[in-house]
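Take a look at the structure set out below.
Residue numbers (my numbering): 0 to 215.
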């Protein structure tokens, strides 16, 4: 991030409003800056989050895996593979962090390499009964399925955690009334980051450090 002409006070206020989930248009009014300036600053914050979101550690233990679709509501085909929507795959370590990535499709050949890259062998992987997860039955992972047509949880066998993340992410993104596809992954990683660092003070501190570090 190049050195901003905004005062440190205004930058700090924009960071706080970003963390609060306020849109750039509203933030511009509250901080008394041009809406283009606020939108650019928010974009740079998302870019910093994206650039620093690489997961170096692999997940292990109990992992939930699921795919979801993001985009405006459309008529016609719904559910998996809904026309015009962006497919996203997610992994969540129970009582831990989430990892998300936009994918070209949700076939086994696409999802399995991601699981192998991010999850340690012998971990327990929970999924629903989507056929793309069949390959996990003969993999290096212990695989358990939950049949959503009959119930949503069976003791430890569920994917409620990752499904809760999808709900949170879609609720957050809905307020923007449409996101350009070119910037979708920035918003996706923002949602991931908000989930992984849920404490507001921690989020503000992280962003201030990222901004400071980007000016060095």
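Every residue gets a Cβ at the ideal spot worked out from N, C-alpha and C, and that includes glycine. It should be emphasised that the depicted structure is a prediction, and the values quoted were computed from it without experimental measurement.
Completely contained beta strand (DSSP E) runs for the region 16-69, where each covers 3 or more residues: Runs of the beta strand (DSSP E) inside the region 16-69: 61-69.
CA-to-CA distance, residue 200 to residue 21, given in whole angstroms: For residue 21 and residue 200, the distance between alpha carbons rounds to 16 Å.
Residue(s) in a DSSP beta bridge with residue 89: Answer by DSSP bridge pairing, in chain order: 65 and 99.
C-beta contact flag for residue 96 and residue 58 at 9 Å: Yes, the Cβ-Cβ distance between residue 96 and residue 58 is below 9 Å.
Coil, strand or helix - residue 123 by DSSP: DSSP, read as helix, strand or coil, puts residue 123 in strand.
Supposed contact pair residue 101 and residue 29 - C-beta distance, whole angstroms, cut 8 Å: That pair is no contact at about 32 Å.
Residue 219 - DSSP class collapsed to helix/strand/coil: What is shown of the chain runs 0 to 215, which leaves residue 219 out entirely.
Cross-strand partners of residue 141 (DSSP beta bridge): Beta-bridge pairing links residue 141 to 123.
Own chain partners of residue 33 with C-beta closer than 6 Å, once the 5 adjacent residues on each side are dropped: Residues of the same chain with a CB within less than 6 Å of the CB of residue 33, apart from the 5 flanking positions on each side, do not exist.
Simplified DSSP assignment, three categories, for residue 155: Here residue 155 carries a coil assignment [DSSP, helix/strand/coil].
Pair within 9 Å by beta-carbon distance, residue 41 and residue 5: By the CB criterion at 9 Å, residue 41 and residue 5 fall outside the cutoff.
CA-to-CA distance, residue 85 to residue 132, given in whole angstroms: Between the alpha carbons of residue 132 and residue 85 lies a distance of about 19 Å.
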